[in-house]
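Whatever position you read off the sequence shown (first residue = 1), add 16 for the numbering used here.
C-beta: ideal position from N, C-alpha, C; glycine also.
See structure below.
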Amino acid sequence: MSAVRNRIEVMHGVNLDQLGRRDAEQYGTLTLEELEVHINTAADELGLDTRFFQTNHEGEFVERLHRLEGLADGLILNPGAWTHYSYAIRDALDLLAVPLVEVHLSNVEEREEWRRHSVLADLASRRVIGKGPDGYREALEFVVEQRSE
Ligand code: DQA
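Take a look at the structure:
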């Protein structure tokens with residue numbers, strides 16, 4: 017009998033706790049709490065269990081990643097600005113064997129030059145960018161697809 021692998025960790029990085037007061041043109045108007053409700057609705061429909069984590073402290077983010085092995089079957093990550101320069105988070109991700117999806121609410125490819133580079137992109141099985149809250153649904157669907165492969 018194969019074990020059901022439906023535990024999805026959704027991690028939000030620096031400044032994502034400020035959604036709702038950040039630039040609505042880039043990030044929309046949902047607060048983080050509302051975004052998490054949106055993600056949970058999609059997860060329920062797909063039969064997935066989500067766990068959420070947000071911090072503004074890079075070390076805490078890294079420590080959460082260290083503890084994830086064996087506790088999550090998939091990881092959906094929006095590290096905020098850390099995406100563009102945190103080799104510490106990259107190294108922690110390198111230790112994880114679970115499928116990783118990198119999500120950005122805004123279209124980082126069409127914003128400032130410094131946002132176009134992600135130091136984690138090559139570790140991600142999929143990147144979903146510029147699709148707002150629905151990007152998380154796409155990320156969850158991808159995890160489901162991967163699971164059935
Ligand atoms: C972001 C894009 C990053 O460049 C930015 O620093 C964020 C949010 C996004 O979801 O679009 O904080 O990751």
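Could you work out which residue in 153, 163, 158, 162 is closest to residue 60 when comparing CA atoms only? 153
So is residue 126 buried or exposed if we call it buried at 16+ other beta carbons inside 10 Å? exposed
Can you grab the Cα-Cα spacing for the pair residue 132 / residue 155, in whole Å? Their backbone Cα atoms lie some 20 Å apart in a straight line.
On a CA-only basis, which of 162, 160, 149, 157 is nearest residue 40? Give me that one, please. Among 162, 160, 149, 157, the Cα nearest to that of residue 40 is on 149.
Where does residue 127 sit, in a helix, a strand or coil, going by DSSP? coil
Nearest-angstrom Cα separation, counted from residue 50 out to residue 112: Distance from the CA of residue 112 to the CA of residue 50, rounded to the nearest whole angstrom, comes to 28 Å.
So what does DSSP say about residue 18, is it helix, strand or coil? Any reading at residue 18 must be qualified, since the residue scores a pLDDT of 46, below 50, and its modelled position is unreliable; no value is offered.
Buried/exposed call for residue 159, threshold 16 Cβ in 10 Å: buried
Under the three-state DSSP convention, the category residue 112 falls into: coil
Please report the straight-line C-alpha distance between residue 97 and residue 54, rounded to a whole angstrom. 22 Å
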